[in-house]
Amino acid sequence: MLTSRYQRVWTKAQDYAQRNYECLTKEPNLFLMRKSARFEMVRDWVDFTHRSSRKGLPGDAFAGSLFPDVDVEQTVQALETDGLALHLTLPADILQELLDFAYTAPCYGDRDPLLEFHINQQDEFEQQLGRSLLVGSYLDSHADCPAFQRLKNDPKILAIAARYLRTKQPQYLTSEISWSFPAPSDLYQQLKAAQVFHYDIDDYKCIKFFFYLTDVDEESGPHACIRKTHRRKKLVHQVLGQRCASISDERLMELYGQDNVESICGPAGSGFVEDIFCFHKGVPPRSKTRLLLQFEYTMNYYQGARLYT
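Under this note's numbering, the first residue of the sequence shown is numbered 3, with each subsequent residue one higher.
Okay, structure coming up:
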């Protein structure tokens, strides 16, 4: 008889095989991308074939941008070099509108649509539930928030995405506003909450914008990134792809250099953009909550990108 440990491994392997089969049969282009884009040689070839797209890309006129002080070319260069560009700042009115949304709309515990609650009722909800929550997500309910729509369609945001992805029309893929709560967690829960170092394969090239909606310090679970790991990953980590999340954080930091680890703290409104082929994670909060907005652009749009992860 299989032990409980081997039973979990067997169940996980079956689930992995089933998801791969469904992806192959229902979304073959997504399946091909997921299996090939982990290899840097493939991504370099795709990047090379899109180099001509740099000419005539949108971004020469930024009237109405929420980020008048952001230099598009410097941001793109930082992404090319480090896989990370800092120093984006939300205007105060946009930040306040997003906070107003978060404090009035219901969110969903651990991204479960059946666990609906309001953030100011978290303690009572957790008592009724009989356990602590790690995450409170608004799922897709923020999509109609005017402040989010202004961000999503901001001319400099789109120009950064277009120039880095080398496409005239970057594809908006997904977004989320979510709380991260200080609560005890095991490795499995941290894996589910993206609180261990990993990288994402959502296209041959993809970037994500992040904005803190609350003050973030080391106690509130800052986002962490291992700079430069969007390129020159070890071959075994290219083969493993998203399964690299099973490698300990300590081992990855040892292999890629502690000096390259960036723990990003900042006041509410602070933002940054990242090539999500970099190893990254949300550090588990120790004593304070964190509210984060993130949204992603890719070269191509895949219908089932969020279903087969």
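No residue lacks a Cβ here, since even glycine has one placed at the ideal position from N, Cα and C. Keep in mind it's a predicted model, so treat the numbers as computed, not measured.
- The stretch 211-224 makes contact with the stretch 288-295: 3 or more CB pairs, one atom from each, lie closer than 8 angstroms.
- Of the residues assessed, S248 falls on the exposed side of the cut-off, its CB having fewer than 16 other CB atoms within 10 angstroms.
- Check the Cα spacing between R40 and each of L257, D202, G273, S187: the tightest is with D202.
- Runs of the alpha helix (DSSP H) lying entirely within the stretch 132-190 and spanning at least 4 residues, in chain order: 148-154, 157-167.
- Around the beta carbon of M35, 16 or more other beta carbons sit within 10 angstroms, so the residue counts as buried.
- The Cβ neighbour count for E256, taken over all protein chains shown within 10 Å, is under 16; the residue is labelled exposed.
- Scanning the stretch 62-116 for uninterrupted beta strand (DSSP E) segments of 3 residues or longer gives 86-91, 109-111, listed from N- to C-terminal end.
- Judged by their CB atoms, S265 and V285 are nearer to each other than the 8 angstroms cut-off.
- Under the DSSP assignment, D251 falls in the alpha helix (DSSP H) whose first and last residues are 251-258.
- When C-beta atoms of the stretch 126-137 are compared with those of the stretch 158-174, fewer than three pairs fall below 8 angstroms, so the two segments do not count as touching.
- Y304 places its beta carbon less than 8 angstroms from that of N31.
- Counting only residues of its own chain and dropping the five nearest sequence neighbours on each side, V263 has a CB closer than 6 angstroms to the CB of I228, M255.
- Listed in chain order, the non-local C-beta contacts of S177 below 6 angstroms within the same chain comprise F297, local neighbours out to five positions each way being set aside.
- A contact between stretches requires three or more CB pairs, one per stretch, nearer than 8 angstroms, and the stretch 172-188 meets this requirement with the stretch 132-144.
- Contact between F274 and L88 is confirmed by a C-beta separation of about 5 angstroms, below the 8 angstroms threshold.
- Going by DSSP, T51 is part of the alpha helix (DSSP H) stretching over 42-51.
- Distances from the alpha-carbon of I278 to those of C267, H144, Q244 put Q244 closest.
- If you draw a straight line from the Cα of K283 to the Cα of L193, it comes to about 10 angstroms.
- For Q240, the enclosing alpha helix (DSSP H) starts and ends at 237-242.
- Excluding the 5 residues flanking it on each side, F33 has same chain C-beta neighbours closer than 6 angstroms at C25, L26, in chain order.
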